[in-house]
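What follows is a single structure, written as structure tokens, with notes after it.
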Amino acid sequence: KTEAATRFSSVVVFFYFPAPRPISCATRGADLPQDAVVVLCPPDCSQWRTSVFGTGIYAAVSSVCGAAVHR
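The sequence shown begins at 1 in full-length UniProt numbering and counts up by one.
Given below as structure tokens:
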């Protein structure tokens, strides 16, 4: 080895993310039993009239997908 040789070390980190749980546009936070869950909303939820209560932090009776597209 020469003085110019560089030492490399590597660390491999794996993050586990569960597969998203498909839900409907009408699914409310109260309908999900877990405190944290990854969900998959249908693509047309922005076309639905969903109930959303709050901004940033939403009430459990709010539509999860409706809150995701809420502005």
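No residue lacks a Cβ here, since even glycine has one placed at the ideal position from N, Cα and C.
1) In its own chain, which residues sit with a C-beta less than 7 Å from the C-beta of Ser46, not counting the 5 before and 5 after it?
2) Where Ala13 and Pro42 are concerned, what is the direct C-alpha to C-alpha distance, given to the nearest angstrom?
3) Where does Thr55 land, buried or exposed, given buried means 16+ other C-beta within 10 angstroms?
4) Any chance you could list the alpha helix (DSSP H) runs of at least 4 consecutive residues sitting entirely within the UniProt domain "LCCL" (19-71), in chain order?
5) Could you check if Ala59 is buried or exposed, using at least 16 other CB atoms within 10 Å of its CB as the buried criterion?
Taking the structure as given:
1) Position 46 of the sequence shown, counted from the start, is the residue given in the question as residue 46. Cβ neighbours of Ser46 beyond the five flanking positions: Val69.
2) Stepping through the sequence shown from its first residue, residue 13 is reached at position 13. Stepping through the sequence shown from its first residue, residue 42 is reached at position 42. Rather than Ala, the amino acid found at residue 13 in this sequence is Val. Distance between Val13 and Pro42, taken at the CA atoms: about 31 Å.
3) For the purposes of this step, residue 55 is taken as the residue at position 55 of the sequence shown. Counting every other CB atom within 10 Å of its CB across the protein chains shown gives Thr55 a total below 16, marking it as exposed.
4) The alpha helix (DSSP H) runs lying completely inside the UniProt domain "LCCL" (19-71) and spanning 4 residues or more are 64-69, given in chain order.
5) The residue given as residue 59 occupies position 59 in the sequence shown. A residue is called buried once 16 or more other Cβ atoms fall within 10 Å of its Cβ, and Ala59, having fewer, is exposed.
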